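Residue numbers (the working numbering): 3 to 519.
Positions of the beta carbon are idealized from the N, C-alpha and C atoms, including for glycine.
On a predicted model such as this, the values are computed, not experimentally measured, just so you know.
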Ligand code: AHR
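Structure follows, in structure tokens:
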């Protein structure tokens, strides 16, 4: 191993000092000083970042530049979104002001290293994207609000058809060169389309054969590899194969993993690679594979091409969905110890769905009414009439029945106590549930299917107002009104009610005092 440079010695000292301070303060999970980012840790381990992307925070302790750029629909103007302070979290207020009363797309995710490996709208390749010229769609800048260290920030919400790429990179591994990468995803947002990836891919956006990619994959597609349970799984996309271990199909050590904030790691060097993962909010990383290249021809040696993709497959397959918060790629094969320190840094960053950007707390036991936030419909509330559920205009002059029909008792989620179920105020024992993706009121029949269909996980409203409610068993789908009916809808899915138009508004609900307490 090369002797430490002065810079590396300094960084090692900073990390050591951080460990001491954290120990004195007794802060769990912190092992770096304030001012140390994941890329400082990779550098101190001898495997520096050659790409660093995040819309939520700086990934170097000294980074004070732009994180990403947004473009608003009202006048097509663009605005760079920076950090609150060097090394800190995104200045989400800049976006909120710039994008107020209009929609915004994320146009550039800046590389925080000096290599300018920015990610922009992915061009057509083996597959044409849905946007003009065969490009992929850009992400809705407001669709993934969270908090980091108590500060509001936004992730990159990838609906099917969305993709980012850089085919003209600098310093990314090629051939069989060693590299590492991690990304933080929303472990509850995934699908079975190909392929929600972050990492190394082909420079011509086409399938150039086995071994021409090395990217982190997250989702539950089973066309290639898979692990235990029903997924989602962290796998490596090595081209013409998502690998969960040495075998082409099933590997028993790759678990279903779905932490709300998920750290996913893939790394590779000559005839050796690994998959690791863990909860980005607390605890360490587990190793799900560490061994030789797959026992299928074409993957040893690797033929990496060094482009970077986000949200798509190497050939621009774009059927996938997921949410990305941050990720890096390194030069050299990082040690497990280096990655463990990065994971401690991630824990300490404080990713959360609560706090100022995480949406109001939805308290079991309270009675509420749910008001639509789309401009057309702000006097309408989720209401039932018998078993039929729709949005209805309710006012102080409405009948007592109409008021009660629009009032709901928040219960701990029938299938997941961290989420909620909504019991009718005037039909005890009956809950809002989805069936064929439409909401209706039905008596709890005690089955586990009912419990799941009646459980919704609140998070910050996708348009910044109130709350959005993800279906627990279809986590890509949220309670949405469409033509005054109420559904669980994905953003841009195949049903009419999945329309991307006004989706963020239609899935955002303000919980008001109940019309019937
Ligand atoms: O390896 C899985 C996928 O196969 C790749 O992402 C894509 O390029 C090809 O279709």
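When DSSP builds the beta bridges, which residues end up paired with residue 354? Taking the chain shown and counting its residues from 1, the one referred to as residue 354 is at position 352. Looking at the DSSP assignment, residue 354 forms a beta bridge with 149.
Closer than 8 Å is the cut-off here; do at least three beta carbon pairs connect the region 388 to 407 with the region 490 to 497? No, the region 388 to 407 is not in contact with the region 490 to 497.
Should residue 381 go down as buried or exposed, given a rule of 16 or more other Cβ atoms within 10 Å for buried? Locating residue 381 in the chain shown gives position 379, where the first residue counts as 1. Exposed, by the Cβ-count rule.
If distances are taken between C-alpha atoms only, which option among 490, 463, 161, 279 comes closest to residue 507? Counting from one through the chain shown, the residue named residue 507 turns up at place 505. Closest by alpha carbon: 463.
Looking at the secondary structure, which residues open and close the alpha helix (DSSP H) in which residue 393 lies? Counting from one through the chain shown, the residue named residue 393 turns up at place 391. Premise fails: residue 393 lies in the beta strand (DSSP E), 390 to 395, not in any alpha helix (DSSP H).
Could you check the C-alpha separation between residue 25 and residue 510 for me, to the nearest Å? Reading the chain shown from its first residue, position 23 is the one you call residue 25. Reading the chain shown from its first residue, position 508 is the one you call residue 510. With a pLDDT of 29 at residue 25, under the threshold of 50, the modelled position of that residue is not reliable, and the figure given next carries that caveat. Straight-line Cα distance between these residues: approximately 42 Å.
Pick from 323, 108, 306: whose alpha carbon is nearest that of residue 314? In the chain shown, counting from the first residue as 1, residue 314 sits at position 312. That would be 323, whose Cα lies nearest to the Cα of residue 314.
Indicate whether the contact test is met: 3 or more Cβ pairs, each with one atom in the region 128 to 148 and one in the region 230 to 238, closer than 8 Å. Cβ pair count under 8 Å is below three, so no.
Residue from 137, 447, 250, 371 with nearest C-alpha to residue 517: Counting from 1 along the chain shown, the entry for residue 517 is found at position 515. Closest option to residue 517, Cα to Cα, is 371.
Go through its chain and collect everything with a Cβ distance to residue 302's Cβ below 7 Å, but skip five positions before and after it. Walking along the chain shown from the start, residue 302 turns up at place 300. If we look at residue 302 and ignore the five residues flanking it on each side, its Cβ neighbours are 273, 295.
Within the continuous alpha helix (DSSP H) that includes residue 114, where are the two ends? The residue you call residue 114 lines up with position 112 of the chain shown. No alpha helix (DSSP H) holds residue 114; DSSP gives it neither H nor E.
Check the C-beta distance from residue 155 over to residue 58 and give it rounded, since I have them as a contact under 8 Å. If you number the chain shown from 1, residue 155 lands on position 153. If you number the chain shown from 1, residue 58 lands on position 56. Approximately 4 Å separates the beta-carbon atoms of residue 155 and residue 58; this is inside 8 Å, confirming the contact.
Cβ shell of residue 334 (< 8 Å), same chain only, five flanking positions each side left out: In the chain shown, residue 334 corresponds to position 332, counting from 1. Taken in chain order, the residues that qualify are 48, 49, 50, 180, 181, 182.
Taking residue 290 as part of the beta strand (DSSP E), name the residues at either end of that continuous run. Sequence index remark: in the chain shown, residue 290 carries index 288 (1-based). Run containing residue 290: 287 to 293, per the beta strand (DSSP E) assignment.
Any heavy atom of the ligand AHR within a distance shorter than 7 Å of the CB on residue 226? Residue numbering aside, residue 226 sits at position 224 when the chain shown is read from its first letter. For the ligand AHR, at least one heavy atom lies less than 7 Å from the Cβ of residue 226.
Span of the beta strand (DSSP E) holding residue 239? The sequence position of residue 239 within the chain shown is 237, counting from 1. Its beta strand (DSSP E) spans residues 235 to 239.
I need the straight-line Cα distance from residue 461 to residue 146, nearest angstrom please. By 1-based counting over the chain shown, the position of residue 461 is 459. By 1-based counting over the chain shown, the position of residue 146 is 144. Going by the C-alpha atoms only, they are around 10 Å apart.
What three-state label does DSSP hand residue 106 in the structure shown? As a position in the chain shown, residue 106 is number 104, starting the count at 1. Strand at residue 106.
Within 10 Å of its beta-carbon, does residue 451 have 16 or more other beta-carbons around it, so buried, or fewer, so exposed? Numbered from 1 along the chain shown, position 449 holds the residue referred to as residue 451. Result: exposed.
Counted within 10 angstroms of its Cβ, other Cβ atoms place residue 118 as buried (16 or more) or exposed: Numbered from 1 along the chain shown, position 116 holds the residue referred to as residue 118. When all chains shown are included, residue 118 counts as exposed.
Rounded C-beta distance between residue 245 and residue 227? I'm assuming under 8 Å. As a position in the chain shown, residue 245 is number 243, starting the count at 1. As a position in the chain shown, residue 227 is number 225, starting the count at 1. Indeed they touch by this definition, with Cβ atoms about 5 Å apart.
Is the separation between the beta-carbon of residue 305 and that of residue 163 shorter than 8 Å? Stepping through the chain shown from its first residue, residue 305 is reached at position 303. Stepping through the chain shown from its first residue, residue 163 is reached at position 161. 8 Å or more divides the Cβ of residue 305 from the Cβ of residue 163.
If you count every other CB in all the chains shown that lies within 10 Å of the CB of residue 448, and 16 or more means buried, which is it? To locate residue 448, count along the chain shown from 1; it is residue 446. With fewer than 16 other Cβ atoms within 10 Å, it is exposed.
Pick out every residue whose C-beta is nearer than 7 Å to a heavy atom of the ligand AHR: which are they, in chain order? 128, 196, 197, 199, 209, 215, 226, 239, 240, 241, 242, 243, 244, 315, 316, 317, 319
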